[in-house]
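J.: Sharing a structure, written as structure tokens. Questions coming.
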Amino acid sequence: MFDALSSKLDVAFKKLSRRGVLRPADVKNGLREIRIALLEADVHYKVVKDFIRRVEEKAVGEDVLKSLTPAQQIIKIVRDEMLDVLGAPAPVNSDTSPTVILLVGLQGAGKTTAAAKLAKKFKKEGLKPFLVAADLQRPAAVDQLEQLARDIDVGIYATKETKNVLNTVQKGIEAGRKNFAKIIIVDTAGRLQIDRSLMEELVLIKKKVSPRETLLVADAMAGQDAVNVAAGFHDQIGIDGVIFTKVDSDARGGALLSLRMVTGTPIKFVGVGEKSDDLEAFQPERMVSRILGMGDVLTLIEKAEEQFSDEEARDMEEKFLKAQFTLEDFMKQIKMIKKMGSLSSLVKMIPGMPRDMDVDESQLIRVESIIQSMTPRERRYPAIIKASRKKRIAAGSGRSVAEVNQLLRQYEVSKKMMKKMGKGGLKGNVPGLF
Amino acid sequence: MATIFEKYEKGLEKTRKGVFAAFIQKIKGPGLPDETFFQEVEELLLEADLGFRTVAQVIETARQKLRSGQTPEEAFHHALLGLLSPSGRYLNLKGEDRPVLLFVGVNGVGKTTTVAKVALRLKEEGMRPLIAAGDTFRAAGSAQMQVWGTKIGVDVVAKPPGHDPAALVYEAIDSADQNGYNALLIDTAGRMHTKKGLMDEIGKIKRIIEKKSGTKPAETLLVVDATTGQNALRQAEIFHDALELTGLILTKVDGSSKGGIVFSLESLYNVPVKLIGMGEGVHHLEMFDPRKFVEALFS
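Listed in order, the protein sequences are those of chains F and C. Each residue of the first sequence is one higher than the one before, starting from 32 at the first, in the working numbering. Each residue of the second sequence is one higher than the one before, starting from 74 at the first, in the working numbering.
The structure is reproduced here in structure tokens:
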């Protein structure tokens, strides 16, 4: 999902990973990549400009954290800034009885689907929802919401008798009240923010029914114009939050950053599929990784930091450089990695790795059992392991001689690779298996 | 009667009055371009959704042309035009007894509305089109198509929700041939290009058309929302891989969005935009003319 960008940032990583301090020139180079990344993620160019300036101010002259490379440090600053902009996730306010929620947005943003999803979510929470079909523009939009309401078994006010939207909304809310609904969700027709008369219609509706929440439904695939859309809706009718839809696409969703910058209102939910359950709470961390296209690389860094003490890491690094890495160290690593969580969850955090890659966890256990069946001397000097020792180790670990051979071969290969890596800055990276 | 060109100009008016207005002013302004000028042009093009890479390419080409003595207006005009596909932009309707037009795209781009607009156009040109309401997934997807059918006076083959769309297409082809229709337009459910199952399904639908007709669909058209950002490139890439697109239809050009993604789409995949949808009105559909598109940006 995030592959395209993460590989680009990996290049930026590489350009920076061999430097020791955050010098202005390094920062500029790194930020150029991040600027491109943000633009390609559809963040509005003005937002990008502003954002990059903020990051640059913070980054230059910054002390590099011991455990991070300069590139990682810059990305960390970028992430922190972005989290700051995106703000904390906010729930939909449901403190009035009933709570009226008005959904607005462009054509095709996914308002009708979002209405049904919201209704289902509240229903699950035990808050009785009710739907009002007020999209009288699009052919069969009323049918669509009626059918969805039937599917999720939620009450609905729907009429095809009239084209009077305000009247429909008022009657719908009244019907919801009579139904003892706690949450009344009003679906409206899609409209352009520059369509005067349709925007005035919304202003009027808002004035007459004073919804507790007016939510802008916006498409994750939106381009630069998202800024104008958000500003248009916010300035004319005032919105209280955003539902970001179609996040199940592979769009990087930079529009979210623009939306948030322009409206200053919280992001309430994200839509992640066509089914009525596909609505999730907004998770800023995840969105940041997505906009940057980086997987959860920072989570990985953090986890590694927690598990490898500085001393251990230094010690390991020295061994790498001198290629004195023994099977004992190999096993230490396996233990550390196991402490960090399941292998497959770790792999998922690495940018560029396929999300659905299968990792054979049992292989680690196998390797561990083989090493455990060796004597300390064998672990330190694997070269002495010949046929009869192999047989004993195989018997002791319940593995075949072939598997013992395979492990020894792997060990030799890794050792050679380490030699090649030579003086490359290993600090902050997870050594060994990756 | 408003000519096609007038309508076209009107649809693009907002585009022109928006970001590109400033862009054009820059180009026509006095003096030789300096670096600030290029930086500003870059920003203007970025805001029009041309995308970072394409913008860089346009500016590079324009620089070369400026060096060779062209005026800024000519230079950018040519740089932009040069990105667009040289392929023909007419819908392929001739040379076959009963052309099949397959409409595909992600959710919410306006496929159903576009199918209705194209069907009406064909009808007005004297053809006898039939519509297959292939969106049997979205609640009331077929109902929406049927309402349109009644409105524009074009027959629609529809099935209840959940019906296998491939089977529906199969029946629709039979129906078209048996009842003397001379064009078949197939609406399909919106599908995220990231969902493999749904992409397989559309592949199957296309294969059924091929088997049944003994030939490829006359047109396999990807409907793209003009407000889409860079993700349009991914959509085109994956749909093109799966279906061999013959054209693009750009919808919602009446917005404040710039439709600049067209330049990247065409230069990358060499699939021409054939039609642009410029409003909710059923007649708001025009041929895409690159020269006018670029000229309109400059006029």
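For every residue, glycine included, the Cβ atom is placed at its ideal position computed from N, Cα and C.
Over what stretch of residues does the beta strand (DSSP E) that includes F:Thr219 continue unbroken?
T.: Within the first sequence, numbered from 1, the residue matching residue 219 of chain F stands at position 188. Where F:Thr219 is concerned, the enclosing beta strand (DSSP E) stretches over Ile214 to Thr219.
J.: Against chain C, with Cβ distances strictly below 7 Å, would F:Tyr76 count as a contact?
T.: Taking the first sequence and counting its residues from 1, one reaches residue 76 of chain F at position 45. It does: the Cβ of F:Tyr76 has a partner Cβ on chain C nearer than 7 Å.
J.: Comparing alpha-carbon positions, which option in F:Val293, F:Asp279 and F:Arg227 lies nearest F:Val301?
T.: As a first step, residue 301 of chain F must be located in the first sequence, where it is residue number 270. Taking only the C-alpha atoms, the option nearest F:Val301 is F:Asp279.
J.: Given C:Ile278, which residues of its chain have a CB within under 8 Å of its CB, disregarding the five upstream and five downstream residues?
T.: In the second sequence, counting from the first residue as 1, residue 278 of chain C sits at position 205. These residues qualify, in order along the chain: Leu175, Gly207, Pro238, Ala239, Val242, Ile259 and Thr261.
J.: Would you check if there are 3 or more beta carbon pairs closer than 8 Å linking the segment 287-307 of chain F to the segment 328-341 of chain C?
T.: Verdict: no, contact absent.
J.: Let me see if you follow: with CB-CB separation under 7 Å, is C:Gln217 close to chain F or not?
T.: On the second sequence, position 144 is the one that residue 217 of chain C refers to. Judged by the 7 Å Cβ criterion, C:Gln217 is in contact with chain F.
J.: DSSP state of C:Ala291, grouped into three classes?
T.: As a first step, residue 291 of chain C is located in the second sequence; it is residue number 218 there, counting from the start. Reduced to three states, the DSSP call for C:Ala291 is coil.
J.: Ordered along the chain, which non-local residues of its own chain (more than five positions away) have a Cβ less than 6 Å from that of C:Ser374?
T.: Given a span of 74 to 372 for chain C in the structure shown, any question on residue 374 of chain C remains unanswerable.
J.: So, does the segment 175-183 of chain F touch the segment 146-153 of chain F, judging by three or more C-beta pairs under 8 Å?
T.: The segment 175-183 of chain F vs the segment 146-153 of chain F: in contact.
J.: At the 7 Å Cβ level, is C:Ala129 part of the contact set with chain F, yes or no?
T.: Position 56 of the second sequence, counting from 1, holds the residue named residue 129 of chain C. So, not an interface residue.
J.: Under DSSP, the alpha helix (DSSP H) around F:Ile65 begins and ends at which residues?
T.: Working through the first sequence from its first residue, we reach residue 65 of chain F at position 34. Taken as a continuous stretch (DSSP letters only), the alpha helix (DSSP H) holding F:Ile65 covers Pro55 to Glu71.
J.: Pick helix, strand or coil for F:Asp387, following the three-state DSSP scheme.
T.: Here residue 387 of chain F corresponds to residue number 356 of the first sequence, with the count starting at 1. Per-residue confidence for F:Asp387 stands at a pLDDT of 49, beneath the threshold of 50, marking its modelled position as unreliable; no derived number is given.
J.: Please list the segments of the beta strand (DSSP E) lying wholly inside the segment 207-234 of chain C, counting only runs of 3 or more residues, in order along the chain.
T.: The segment 207-234 of chain C contains these whole beta strand (DSSP E) runs: 228-230.
J.: Can you give me the Cβ contacts of F:Ile105 inside the same chain, cut-off strictly under 6 Å, excluding the 5 residues immediately before and after it?
T.: Locating residue 105 of chain F in the first sequence gives position 74, where the first residue counts as 1. Cβ neighbours of F:Ile105 beyond the five flanking positions: Gly61 and Ala90.
J.: Roughly how many angstroms lie between the CA atoms of C:Gly354 and F:Arg321, to the nearest whole one?
T.: As a first step, residue 354 of chain C must be located in the second sequence, where it is residue number 281. As a first step, residue 321 of chain F must be located in the first sequence, where it is residue number 290. Rounded to whole angstroms, C:Gly354 to F:Arg321 spans 37 Å at the Cα level.
J.: Is DSSP giving F:Ile274 helix, strand or coil here?
T.: As a first step, residue 274 of chain F must be located in the first sequence, where it is residue number 243. Three-state result, F:Ile274: strand.
J.: Do C:Pro172 and C:Ala305 come within 7 Å of each other at the CB atom, strictly closer than that value?
T.: Position 232 of the second sequence, counted from the first residue, corresponds to residue 305 of chain C. Position 99 of the second sequence, counted from the first residue, corresponds to residue 172 of chain C. No; because the gap between Cβ atoms is not below 7 Å, this pair is not in contact.
J.: I need the straight-line Cα distance from F:Ala212 to F:Val131, nearest angstrom please.
T.: As a first step, residue 212 of chain F must be located in the first sequence, where it is residue number 181. As a first step, residue 131 of chain F must be located in the first sequence, where it is residue number 100. One C-alpha to the other measures close to 10 Å.
J.: Quick one: which residues of the segment 254-269 of chain F get their C-beta closer than 9 Å to a C-beta of chain C? List them in chain order.
T.: Taking 9 Å as the Cβ-Cβ cut-off against chain C, the residues of the segment 254-269 of chain F that qualify are Gly254, Gln255, Asp256, Ala257, Val258, Asn259, Val260 and Gly263.
J.: For the segment 285-336 of chain C, which segments carrying the beta strand (DSSP E) assignment without a break, of at least 3 residues, lie completely within its bounds, in sequence order?
T.: You should have 292-298 and 320-324.
J.: If I measure Cβ to Cβ from C:Lys325 and keep anything under 7 Å in the same chain, skipping five residues before and after, which residues do I get?
T.: Counted from its first residue, the second sequence places residue 325 of chain C at position 252. Here the set comprises Gly183, Asp298, Ala299, Thr300 and Gly350.
J.: Could you give the residue range of the alpha helix (DSSP H) that holds F:Met292?
T.: For the purposes of this step, residue 292 of chain F is taken as residue 261 along the first sequence, with counting starting at 1. Start and end: Ala286 to Thr294.
J.: Is it buried or exposed, F:Ile482, if we count other Cβ atoms within 10 angstroms and call 16 or more buried?
T.: Here chain F comprises residues numbered 32 to 465, so residue 482 of chain F is not present and cannot be evaluated.
J.: Can you give the beta carbon distance from F:Thr245 to F:Ala165, rounded, assuming they're within the 8 Å contact cut?
T.: Walking along the first sequence from the start, residue 245 of chain F turns up at place 214. Walking along the first sequence from the start, residue 165 of chain F turns up at place 134. Not quite, the Cβ-Cβ distance comes to about 13 Å (not below 8 Å), so this is no contact.
J.: Going by alpha carbons, who is nearest to C:Ala264 out of C:Ala249, C:Phe210, C:Ile246 and C:Asp122?
T.: Working through the second sequence from its first residue, we reach residue 264 of chain C at position 191. Correcting the residue identity first, residue 264 of chain C is Arg in this sequence and not Ala. Answer by Cα proximity: C:Phe210.
J.: Can you pull the chain F residues whose beta carbon is under 7 Å from the beta carbon of C:Asp122, in chain order?
T.: Residue 122 of chain C sits at position 49 when you count from the first residue of the second sequence. Here the neighbours are Gly254 and Gln255.
J.: Comparing C-alpha positions only, which one of F:Met405, F:Val273, F:Leu167 and F:Ser393 sits nearest to F:Ala312?
T.: Here residue 312 of chain F refers to the residue found at position 281 of the first sequence. Minimum Cα distance to F:Ala312 is reached at F:Val273.
J.: Any idea if F:Lys421 is buried or exposed, counting beta-carbon neighbours within 10 angstroms, 16 or more meaning buried?
T.: Here the question's residue 421 of chain F lines up with position 390 in the first sequence. Counting Cβ neighbours within 10 Å, F:Lys421 comes out buried, since at least 16 surround it.
J.: From the beta carbon of C:Ala206, is the nearest beta carbon of chain F less than 7 Å away?
T.: Residue mapping note: residue 206 of chain C aligns to position 133 of the second sequence, counting from 1. For C:Ala206, the answer is no, since every Cβ of chain F falls outside 7 Å of its Cβ.
J.: Run down chain F in chain order and give the residues with a C-beta less than 7 Å from the C-beta of C:Glu116.
T.: Mapped onto the second sequence, residue 116 of chain C falls at position 43. Tyr76, listed in chain order.
J.: When you compare each of F:Leu69, F:Val135 and F:Asp174 to F:Phe275 by their alpha carbons, which one comes out closest?
T.: Taking the first sequence and counting its residues from 1, the one referred to as residue 275 of chain F is at position 244. Out of F:Leu69, F:Val135 and F:Asp174, F:Val135 has the C-alpha closest to the C-alpha of F:Phe275.
J.: Can you give me the C-alpha to C-alpha distance between C:Glu133 and F:Phe264, rounded to a whole angstrom?
T.: Numbered from 1 along the second sequence, position 60 holds the residue referred to as residue 133 of chain C. Numbered from 1 along the first sequence, position 233 holds the residue referred to as residue 264 of chain F. Their backbone Cα atoms lie some 37 Å apart in a straight line.
J.: Let me see if you follow: with CB-CB separation under 7 Å, is F:Asp279 close to chain C or not?
T.: By one-based count along the first sequence, residue 279 of chain F stands at place 248. Closer than 7 Å: yes.
J.: In the segment 157-194 of chain F, which residue ranges form an unbroken beta strand (DSSP E) of at least 3 residues, counting only runs that do not cross its ends?
T.: Taking only runs of at least 3 residues, the beta strand (DSSP E) segments lying wholly in the segment 157-194 of chain F are 160-165 and 186-188.
J.: So, are the CB atoms of C:Gly332 and C:Leu341 less than 7 Å apart?
T.: Here residue 332 of chain C corresponds to residue number 259 of the second sequence, with the count starting at 1. Here residue 341 of chain C corresponds to residue number 268 of the second sequence, with the count starting at 1. In this structure, C:Leu341 does not lie closer than 7 Å to C:Gly332 by Cβ.
J.: Would C:Arg194 pass as a contact of C:Asn255 if the rule is Cβ separation under 7 Å?
T.: Here residue 194 of chain C refers to the residue found at position 121 of the second sequence. Here residue 255 of chain C refers to the residue found at position 182 of the second sequence. It is not a contact, given that the beta carbons lie outside the stated cut-off.
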